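K.L.:
If you count the sequence shown from 1, you need to add 47 to reach this note's numbering. Heads up, the beta-carbon is just placed ideally off N, CA and C, and yes, glycines get one too. Computed from a predicted structure; not experimentally measured.
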Amino acid sequence: MRRLIAFFAVSVVVLALTALGVWQVQRLMWKTALIETVNARVHRAPQPLVAGPGGWPAFTPANDEYRRVTLSGHFRHDKETQVYALTDLGAGYWVMTPLETAGGTVIINRGYVPTELRAPETRAQGQVPGEVQVTGLVRMSQDKGWLFSQPNDPAKDQWFLRDVAQIARARGVSTPNWFIDAEAATVSGGWPRGGLTVVRFTNNHLVYALTWFTLAAGLAGGSLWLVRRGRKAEKK
48 MRRLIAFFAV
58 SVVVLALTAL
68 GVWQVQRLMW
78 KTALIETVNA
88 RVHRAPQPLV
98 AGPGGWPAFT
108 PANDEYRRVT
118 LSGHFRHDKE
128 TQVYALTDLG
138 AGYWVMTPLE
148 TAGGTVIINR
158 GYVPTELRAP
168 ETRAQGQVPG
178 EVQVTGLVRM
188 SQDKGWLFSQ
198 PNDPAKDQWF
208 LRDVAQIARA
218 RGVSTPNWFI
228 DAEAATVSGG
238 WPRGGLTVVR
248 FTNNHLVYAL
258 TWFTLAAGLA
268 GGSLWLVRRG
278 RKAEKK
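(1) Express the C-alpha separation of Asn251 and His124 in angstroms, rounding to a whole number.
(2) Unbroken alpha helix (DSSP H) runs of length 4 or more, entirely within the segment 49-99: which are they?
(3) Please report the straight-line C-alpha distance between Thr244 and Gln180, rounded to a whole angstrom.
(4) Near Gln129, what residues of its chain come up, given a Cβ to Cβ distance below 8 Å and the 5 sequence neighbours on each side ignored?
(5) How far does the beta strand (DSSP E) with Pro108 in it reach, from first residue to last?
(6) Using only alpha-carbon positions, find the residue among Val220, Trp70, Gly236 that is nearest to Pro167.
(7) Assess, as a yes-or-no matter, whether the segment 147-156 is touched by the segment 254-271 under the definition of 3 or more beta carbon pairs within less than 8 Å.
(8) Alpha carbon to alpha carbon, how far is Gly99 from Ala105?
(9) Give the range of the beta strand (DSSP E) segment to which Arg170 is assigned.
(10) Just to confirm before moving on: does the CB-CB distance between Val185 and Ile214 stay below 8 Å?
(11) If you reduce the DSSP assignment to three classes, tell me which class Val234 lands in.
(12) Of the residues Pro239, Gln94, Gly241, Ala267, which one's Cα is nearest the Cα of Val61?
(13) Are Ala138 and Thr169 closer than 8 Å when you measure CB to CB?
(14) Do you know whose CA, among Gly101, Ala132, Asn86, lies nearest Arg115's CA?
(15) State buried or exposed for Leu96, treating a residue as buried only when at least 16 other CB atoms are found within 10 Å of its CB.
(16) Just to confirm before moving on: does the CB-CB distance between Ser196 and Val211 stay below 8 Å?
(17) When DSSP labels each residue in this structure, what does Gly139 get in the three-state scheme?
(18) Looking at Gly183 and Glu112, is the spacing between their C-beta atoms short of 8 Å?
(19) Closest to Gln174 by CA distance: which of Ala202, Asp200, Glu127, Ile154 is it?
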């Protein structure tokens with residue numbers, strides 16, 4: 048009876064480990080396809096972004112995130128929002144600025160500024176007047192952050208998430224539920240600095256799959272070895 052129970056328990060664990068390995072293989076296929084798709088979008092020539100009769104396109108993460116686009120308009124620097132950021136250049140802020148175009152308003156992440164340049168008056172040269180052309184990547188509104196990240200506090204003008212809807216309400220503008228990460232461009236004074244979009248995806252699913260399959264094979268092999276050893280001992 049004990050052997051039967053042990054055989055059943057080992058079988059369940061081996062099947063569970065194998066299922067985890069298969070799931071990681073599926074995740075590997077999905078992640079590989081995602082990386083290929085995003086890389087193709089990022090390196091494609093930018094497409095003009097214009098609002099149609101029904102307004103701005105209803106972009107979705109699966110079909111449009113990281114799509115490279117270009118558009119023209121006037122920055123509303125008076126409605127700028129600084130969102131806390133951790134970048135390769137250090138801690139600081141993203142400069143989120145509404146861009147008024149002929150078809151409507153879109154929020155542009157103009158780029159990063161260090162903490163000491165958070166206030167617009169400290170980088171007045173970079174507050175570009177007149178019509179500008181922006182090229183960048185479509186990004187989805189960030190209404191959820193990482194574990195332990197702080198929520199936005201519009202009343203105190205403290206921003207930790209690039210939540211487009213929340214920012215638009217606070218600034219009194221109407222925008223789609225996505226924004227544009229501006230590419231690197233020459234800006235008077237050097238700030239804000241665009242082109243810092245992170246387009247890197249960890250892809251450790253093959254390692255995870257091999258780990259689960261190895262554990263399953265090891266448990267199955269070890270159990271079989273113990274069974275055979277037990278049988279040999281009984282025959283003596």
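P.N.:
By the coordinates alone:
(1) When rounded, the separation of the alpha-carbon atoms in His124 and Asn251 is 42 Å.
(2) Counting only runs of 4 or more, we get 49-90.
(3) Going by C-alpha positions, Thr244 is about 18 Å away from Gln180.
(4) Apart from sequence neighbours up to five positions away, the residues of its chain that approach Gln129 with a beta-carbon distance below 8 Å are Tyr140, Trp141, Val142, Met143, Val160, Arg165, Trp206, ordered along the chain.
(5) Where Pro108 is concerned, there is no enclosing beta strand (DSSP E), although the alpha helix (DSSP H) it sits in stretches over 108-111.
(6) Nearest option by C-alpha distance: Gly236.
(7) As far as the Cβ criterion goes, the segment 254-271 does not touch the segment 147-156, which means the pair count is below three.
(8) In a straight line, the C-alpha of Gly99 is about 11 Å away from that of Ala105.
(9) For Arg170, there is no enclosing beta strand (DSSP E), as DSSP gives it neither H nor E.
(10) In this structure, Val185 sits away from Ile214, with a CB-CB distance that is not shorter than 8 Å.
(11) Note: Val234 maps to coil in three-state DSSP.
(12) Among Pro239, Gln94, Gly241, Ala267, the Cα nearest to that of Val61 belongs to Ala267.
(13) No, they are not a contact pair.
(14) Measuring from the Cα of Arg115, the nearest candidate turns out to be Asn86.
(15) The residue is buried, with at least 16 neighbouring Cβ atoms inside 10 Å.
(16) Against a cut-off of 8 Å, the Cβ pair of Val211 and Ser196 comes out as no contact.
(17) Strand at Gly139.
(18) Contact check for Glu112 against Gly183 fails: the beta carbons are separated by 8 Å or more.
(19) For Gln174, the nearest C-alpha among the options comes from Glu127.
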